[in-house]
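In this note's numbering, the protein residues as written are 1 to 397. From the three backbone atoms N, C-alpha and C, an ideal C-beta is built for every residue, glycine too. Report on one structure; see the data block that follows.
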């Protein structure tokens, strides 16, 4: 499936940035095109994915979970990547690109901390200076990942403006990039931001979908009936969707965070309850009020706590190629507990949303349906959040 224009996904995407950033984005687009055409760059990237990240990740048939939800479920184990999440697939590519462009300093923004850890890890390997902007609220929620980034040699910059979460961290990272663009590479963590970032991140993450497609064909000799993934900014979902988007028989389900419930207004379900607007240099669906002001997002999962979404997701929604459903905090906690109990896997709270959505999706598709779920990350980073949430509900498990 192709997009309508370079840098556009139908009416979404584009570049809505200060004039000072246009030359930098042009340079990035040219450098990326040259790198992808360079056999040596691709060979180095693929070598690192295989020998350092640990790809291919397994596709695991979850027999116990399948019995619980009433369909045949496979888990694409991105939680087994080096650093514990899919984020490293993208940072390997982008930090290699930064080095090729001669940029000595890399900046990044992070919500749950996994993109920050993955960027710090790649910078340590490749010898580049790294600074990570992180909302102060996320610094509190994800303290183990802050420690990991600092041990890897990165400087973590807490952001206290706004809701002190991912949106505000991304604002600060873009301000820093405008000021230091000559020496700094901005490593974006999701399929978001101005062109060419949504395409770059999708391309580096599509390894998830390409592997999953080959693995399910090897296991079952047919394509799955559905692919399911959690959506915040959307890099995990776009990574696995990319492997199946040209297969019309495969239904694509993105799962957003409904937080305290859509009706409460405290959620991060951008594609369910947002409207088209401009955020962080792109046109996409955005949570906003009647005056066009950004509404703060909420999710128990720091990685989904974002009031926008990648523009390609907006296009997939409007064309009907993908369906987007929402799962609230309580249901996500139940998804966390379900996977722990049935398969001995502690999923990230982001992935727990995808697990929680399986019951209604399986009911829609039937007990013989084959469903592949992208398990985007492991839950170590969320243990404090889960413990506190369960304690508040009067249970410890």
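- For the alpha helix (DSSP H) assignment, the uninterrupted runs of no fewer than 4 residues enclosed by the region 163-211 are, from N- to C-terminal side, 166-180, 197-205.
- If the five residues before and after residue 394 are omitted, its C-beta is found closer than 7 Å to no C-beta atom of its own chain.
- In this structure, DSSP gives residue 101 a state outside helix and strand, which the three-state scheme calls coil.
- Under the three-state reduction of DSSP, residue 289 is assigned to coil, being neither helix nor strand.
- Across the structure, residue 117 and residue 355 are spaced so that their CA atoms are roughly 24 Å apart.
- Only residues of its own chain outside the window of five on either side were considered, and among them 168 have a CB closer than 6 Å to the CB of residue 162, listed in chain order.
- In the DSSP assignment, residue 326 is bridged to 256.
- Segment contact: the region 119-136 against the region 96-108, three or more CB-CB distances shorter than 8 Å; contact assigned.
- Inter-residue distance for residue 37 and residue 65 is about 42 Å (C-alpha atoms, whole angstroms).
- Within 10 angstroms of the beta-carbon of residue 67 lie fewer than 16 other beta-carbons, which makes it exposed.
- In the structure shown, the three-state DSSP call for residue 250 is coil.
- The beta carbon of residue 101 is closer than 6 Å to those of 31 in its chain, skipping five residues each way along the sequence.
- Residue pairing by DSSP puts residue 284 in a beta bridge opposite 277.
- Minimum Cα-Cα distance from residue 352 among the listed residues 240, 191, 300, 81 corresponds to 300.
- Residue pairing for residue 385: DSSP places it in no beta bridge.
- Here residue 382 has 348, 349 as same chain residues with Cβ atoms under 7 Å from its own Cβ, once five neighbours each way along the sequence are excluded.
- Straight across, the Cα-Cα distance linking residue 212 with residue 247 is about 13 Å.
- Remark: three or more beta-carbon pairs, one from each stretch, lie closer than 8 Å, so the region 297-314 and the region 277-289 are flagged as touching.
- Taking C-alpha positions only, residue 125 is separated from residue 259 by approximately 37 Å.
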